[in-house]
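S.K.: First to last, the protein sequences are chains A and B.
No gaps in the numbering here: position 8 of the first sequence is 8 in this note's numbering, and each next residue is one more.
Position in the second sequence counted from 1, then plus 248, gives you this note's numbering.
Here's a structure for you.
Protein chains: 2
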Amino acid sequence: MPYELFYWPGLQGRGEFVRLALEDAGADYVDVCRGGGRGQGVAALTALLRSPGLAQLPFAPPILRDGETLISHVANILFYLGPKLMLAPENEALRLFANGLQLVITDFVKEVHDTHHPLSADLYFEDQREAARQNAEAFLAYRMPKFLGYFERVVSRNPFGADHAVGETASFVDLSLFQVVEGLLYAFPRATANFGELYPRLTALHDRVQARPMIAAYLQSDRRIPFNPSGIFRHYPELDREPATAKR
Amino acid sequence: MPYELFYWPGLQGRGEFVRLALEDAGADYVDVCRGGGRGQGVAALTALLRSPGLAQLPFAPPILRDGETLISHVANILFYLGPKLMLAPENEALRLFANGLQLVITDFVKEVHDTHHPLSADLYFEDQREAARQNAEAFLAYRMPKFLGYFERVVSRNPFGADHAVGETASFVDLSLFQVVEGLLYAFPRATANFGELYPRLTALHDRVQARPMIAAYLQSDRRIPFNPSGIFRHYPELDREPATAKR
Numbered sequence: 001m002p003y004e005l006f007y008w009p010g011l012q013g014r015g016e017f018v019r020l021a022l023e024d025a026g027a028d029y030v031d032v033c034r035g036g037g038r039g040q041g042v043a044a045l046t047a048l049l050r051s052p053g054l055a056q057l058p059f060a061p062p063i064l065r066d067g068e069t070l071i072s073h074v075a076n077i078l079f080y081l082g083p084k085l086m087l088a089p090e091n092e093a094l095r096l097f098a099n100g101l102q103l104v105i106t107d108f109v110k111e112v113h114d115t116h117h118p119l120s121a122d123l124y125f126e127d128q129r130e131a132a133r134q135n136a137e138a139f140l141a142y143r144m145p146k147f148l149g150y151f152e153r154v155v156s157r158n159p160f161g162a163d164h165a166v167g168e169t170a171s172f173v174d175l176s177l178f179q180v181v182e183g184l185l186y187a188f189p190r191a192t193a194n195f196g197e198l199y200p201r202l203t204a205l206h207d208r209v210q211a212r213p214m215i216a217a218y219l220q221s222d223r224r225i226p227f228n229p230s231g232i233f234r235h236y237p238e239l240d241r242e243p244a245t246a247k248r
Numbered sequence: 249m250p251y252e253l254f255y256w257p258g259l260q261g262r263g264e265f266v267r268l269a270l271e272d273a274g275a276d277y278v279d280v281c282r283g284g285g286r287g288q289g290v291a292a293l294t295a296l297l298r299s300p301g302l303a304q305l306p307f308a309p310p311i312l313r314d315g316e317t318l319i320s321h322v323a324n325i326l327f328y329l330g331p332k333l334m335l336a337p338e339n340e341a342l343r344l345f346a347n348g349l350q351l352v353i354t355d356f357v358k359e360v361h362d363t364h365h366p367l368s369a370d371l372y373f374e375d376q377r378e379a380a381r382q383n384a385e386a387f388l389a390y391r392m393p394k395f396l397g398y399f400e401r402v403v404s405r406n407p408f409g410a411d412h413a414v415g416e417t418a419s420f421v422d423l424s425l426f427q428v429v430e431g432l433l434y435a436f437p438r439a440t441a442n443f444g445e446l447y448p449r450l451t452a453l454h455d456r457v458q459a460r461p462m463i464a465a466y467l468q469s470d471r472r473i474p475f476n477p478s479g480i481f482r483h484y485p486e487l488d489r490e491p492a493t494a495k496r
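Written out as structure tokens, the structure is:
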């Protein structure tokens with residue numbers, strides 16, 4: 001029985017953090033909302049969210065269905081899938097550390113989103129441009145360096161070596177860090193121009209994930225939705241700026 | 249050996265979600281930054297965050313230390329503590345559901361915070377008042393009803409009864425929902441005036457948590473820091489408004 005992933009079609013969004021884990025592991029899964037078959041498409045997601053009899057109701061996608069089990073929220077899904085896909089450390093303390101890192105990534109992704117939607121997710125970008133400019137300015141000057149400097153230190157200090165963020169093998173945290181770096185390079189090409197210099201270990205980790213055979217194949221496939229102006233990582237040139245000169 | 253909680257003193261903040269669980273369970277813990285003893289105070293937190301040899305570096309407080317184990321991020325700490333404090337369901341599917349709910353609460357808390365800091369956490373409220381007014385307006389009109397309507401449905405649909413959000417006994421999710429409702433009542437007294445009518449089961453759950461003997465004693469003690477203008481839930485009258493007339 002394949003895993004079923006429910007996420008809005010047409011954008012990478014938060015669903016992409018789950019897709020990367022499923023793809024890296026070569027897991028059998030159905031991207032339900034992108035399918036045209038019976039019980040597929042966006043209607044399947046809205047039916048699930050509105051299902052009146054559902055006791056363990058999810059708030060929002062991404063949602064993973066594994067047989068009878070429904071799991072929602074990226075970090076929760078990855079915590080569940082990690083051991084099954086061999087993408088999590090076995091040691092309990094390291095699993096908790098990996099979960100904590102994934103939650104820092106969750107917070108960071110929300111802050112990236114808010115650079116273009118600081119006033120409300122219910123308003124268009126065009127209706128909050130000036131606030132977005134101010135938010136993005138502070139994000140690029142303070143928040144991005146704070147988060148990325150932290151991830152750089154985490155990778156640098158991994159006692160098992162800087163090939164991975166946690167433990168001695170690849171985990172969902174590595175895959176998510178790849179996605180974060182990739183998204184920032186797309187959204188803010190100017191501000192990220194010196195990433196390799198500021199964050200050498202994080203950049204190397206990004207490059208290694210990109211070269212993993214299953215990930216490389218996925219990125220070349222039409223299953224990988226291109227970055228676009230509907231996602232979390234959006235390229236609005238007016239929000240981009242010259243790079244910060246120092247990490248924090 | 250007592251649990252050690254590291255969190256900024258002087259505000260409830262995100263640390264409060266952990267304190268409520270420790271207090272409800274009557275756990276032996278030290279609120280490190282509020283202590284005046286040796287190895288206590290804020291210096292202990294900054295020393296921990298800057299510790300150069302620390303491999304599993306936390307990003308930010310709250311941080312829980314349990315012997316050799318360091319855990320950071322509210323949802324991660326509660327996932328860890330839940331079973332130890334008898335504040336989590338035993339069933340795995342329900343534990344995952346509880347974790348997912350805690351992550352929705354995490355997102356909601358961030359949105360509450362952003363009503364007064366929509367442009368940047370690094371700027372003063374006074375420097376983002378107009379954006380805050382717009383953010384709070386959209387929050388009260390759309391986001392708050394969306395989240396609270398969801399929590400109301402979750403409590404209503406609990407197959408074990410609406411006394412709890414998940415399972416048949418109190419969990420950290422109940423305690424966190426209490427804190428969210430309590431915080432909103434403080435921050436937005438006008439907009440929440442009809443909460444009891446719109447969200448009867450959530451309100452009843454809030455009242456039951458408040459009446460739990462250990463919680464009632466805690467709320468009366470000086471260990472409970474009052475809400476104040478440094479926390480997540482802040483009362484700025486200019487951000488409050490007449491209640492929405494319908495839930496979503």
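By construction, the Cβ of each residue, glycine as well, lies at the ideal position given by its N, Cα and C atoms.
What's the C-alpha gap between residue 199 of chain A and residue 151 of chain A?
M.R.: Their Cα atoms are separated by approximately 9 Å.
S.K.: Name the DSSP bridge partner or partners of residue 278 of chain B?
M.R.: DSSP lists B:252 as partners of residue 278 of chain B.
S.K.: For residue 398 of chain B, decide whether its Cβ has a neighbour in chain A, counting only Cβ atoms nearer than 9 Å.
M.R.: Residue 398 of chain B counts as touching chain A.
S.K.: Please say whether residue 48 of chain A and residue 58 of chain A have beta carbons closer to each other than 9 Å?
M.R.: Contact flag set, yes.
S.K.: Name the residues in the segment 356 to 369 of chain B whose C-beta lies less than 8 Å from a C-beta of chain D; which are they?
M.R.: The structure shown contains no chain D; its protein chains are A and B.
S.K.: Contact between the segment 462 to 470 of chain B and the segment 331 to 347 of chain B is defined here as three or more beta-carbon pairs at a separation below 8 Å; is this criterion met?
M.R.: These segments do not touch.
S.K.: Taking all protein chains shown into account, decide if residue 88 of chain A is buried (16 or more other Cβ within 10 angstroms of its Cβ) or exposed.
M.R.: The residue in question, residue 88 of chain A, is buried, as its Cβ has 16 or more Cβ neighbours within 10 Å.
S.K.: For residue 122 of chain A, is the classification buried or exposed, using 16 other Cβ atoms within 10 angstroms of its Cβ as the cut-off for buried?
M.R.: That one is exposed.
S.K.: Listing by chain order, which chain B residues have their CB less than 7 Å from the CB of residue 75 of chain A?
M.R.: Near residue 75 of chain A (Cβ distances below 7 Å), the residues of chain B are 351.
S.K.: State the DSSP-derived secondary structure class of residue 314 of chain B, mapped to helix, strand or coil.
M.R.: In the structure shown, residue 314 of chain B sits in a strand (DSSP, three-state: E or B).
S.K.: Please report the Cβ distance between residue 253 of chain B and residue 270 of chain B, rounded to the nearest whole angstrom; I am assuming they are in contact, meaning their Cβ atoms lie under 8 Å.
M.R.: With 8 Å as the limit, residue 253 of chain B and residue 270 of chain B qualify as a contact, their Cβ atoms being about 7 Å apart.
S.K.: For the segment 102 to 114 of chain A and the segment 138 to 152 of chain A, state whether three or more C-beta atom pairs, one from each stretch, are separated by less than 8 Å.
M.R.: Yes, they touch.
S.K.: For residue 162 of chain A and residue 183 of chain A, I'd like the C-alpha separation in whole angstroms.
M.R.: The straight-line gap from Cα to Cα measures roughly 22 Å.
S.K.: Within 10 angstroms of the Cβ of residue 28 of chain A, are there 16 or more other Cβ atoms? Answer buried if so, exposed if not.
M.R.: Its Cβ having fewer than 16 others within 10 Å, residue 28 of chain A is exposed.
S.K.: Is there a Cβ of chain A sitting closer than 9 Å to that of residue 319 of chain B, yes or no?
M.R.: Answer yes: the Cβ-Cβ gap between residue 319 of chain B and chain A drops below 9 Å somewhere.
S.K.: Compute the Euclidean distance between the alpha carbons of residue 154 of chain A and residue 320 of chain B, then round it to the nearest angstrom.
M.R.: If I take the Cα positions, the gap works out to 14 Å.
S.K.: Since residue 306 of chain B meets chain A, which of its residues come closer than 8 Å, beta carbon to beta carbon?
M.R.: Ordered by position in chain A, the residues that pass the 8 Å Cβ test against residue 306 of chain B are 100.
S.K.: To the nearest angstrom, how far is the alpha carbon of residue 76 of chain A from that of residue 172 of chain A?
M.R.: So the alpha carbons of these two residues sit roughly 12 Å apart.
S.K.: Give the range of the alpha helix (DSSP H) segment to which residue 393 of chain B is assigned.
M.R.: That run of the alpha helix (DSSP H) goes 392 to 405.
S.K.: Check each residue of the segment 193 to 209 of chain A: if its Cβ is closer than 8 Å to any Cβ of chain B, include it; give the result in chain order.
M.R.: Correct list: empty, as no residue qualifies.
S.K.: Going by DSSP, which residues form a beta bridge with residue 72 of chain A?
M.R.: Partner(s): A:63.
S.K.: With 16 as the cutoff for other CB atoms within 10 Å, does residue 158 of chain A come out buried or exposed?
M.R.: Flag for residue 158 of chain A reads buried.
S.K.: Return the residue from the list A:218, A:241 and A:233 that minimises the CA-CA distance to residue 186 of chain A.
M.R.: Of A:218, A:241 and A:233, the residue nearest in Cα terms is A:233.
S.K.: Going straight from the alpha carbon of residue 240 of chain A to that of residue 354 of chain B, what length do you get?
M.R.: Approximately 28 Å between the Cα atoms of the pair.
S.K.: Tell me the rounded alpha-carbon separation between residue 165 of chain A and residue 229 of chain A.
M.R.: Looking at the two C-alpha atoms, the distance is approximately 30 Å.
S.K.: Assuming the contact rule is C-beta atoms closer than 8 Å, residue 32 of chain A and residue 20 of chain A should be a hit. Round their C-beta distance to whole Å, please.
M.R.: Rounded, the Cβ-Cβ distance is 17 Å, inconsistent with contact.
S.K.: Taking a cut of 8 Å between CB atoms, which residues from the segment 158 to 170 of chain A lie near chain B?
M.R.: The segment 158 to 170 of chain A vs chain B, Cβ under 8 Å: 158 and 159.
S.K.: Near residue 174 of chain A, which residues of its chain fall below 7 Å by C-beta distance, leaving aside the five closest residues on each side in sequence?
M.R.: Cβ neighbours of residue 174 of chain A beyond the five flanking positions: 164, 165, 205 and 209.
S.K.: Beta-carbon within less than 7 Å of residue 56 of chain A's beta-carbon, same chain only, minus the 5 sequence neighbours each way: which residues are those?
M.R.: Only 70 meet the Cβ criterion.
S.K.: Check the C-beta distance from residue 176 of chain A over to residue 79 of chain A and give it rounded, since I have them as a contact under 8 Å.
M.R.: Between residue 79 of chain A and residue 176 of chain A the Cβ distance is about 12 Å, and since that is not below 8 Å, they are no contact.
S.K.: Taking only the alpha-carbon atoms, compute the straight-line gap between residue 195 of chain A and residue 125 of chain A and give it to the nearest angstrom.
M.R.: Each residue's alpha carbon lies about 27 Å from the other.
S.K.: Give a yes or no on whether the C-beta atoms belonging to residue 30 of chain A and residue 52 of chain A are separated by under 9 Å.
M.R.: Their beta carbons are not under 9 Å apart, which means residue 30 of chain A does not touch residue 52 of chain A by this criterion.
S.K.: Distance, Cα to Cα, residue 397 of chain B vs residue 451 of chain B?
M.R.: Roughly 12 Å between the two C-alpha positions.
S.K.: Can you tell me where the alpha helix (DSSP H) holding residue 195 of chain A begins and where it ends?
M.R.: That run of the alpha helix (DSSP H) goes 195 to 198.
S.K.: Just checking: is the beta-carbon of residue 138 of chain A within a distance shorter than 9 Å of some beta-carbon in chain B?
M.R.: Interface residue, yes.
S.K.: What span of residues does the alpha helix (DSSP H) with residue 294 of chain B cover, start to end?
M.R.: From DSSP, the alpha helix (DSSP H) with residue 294 of chain B extends over 290 to 298.
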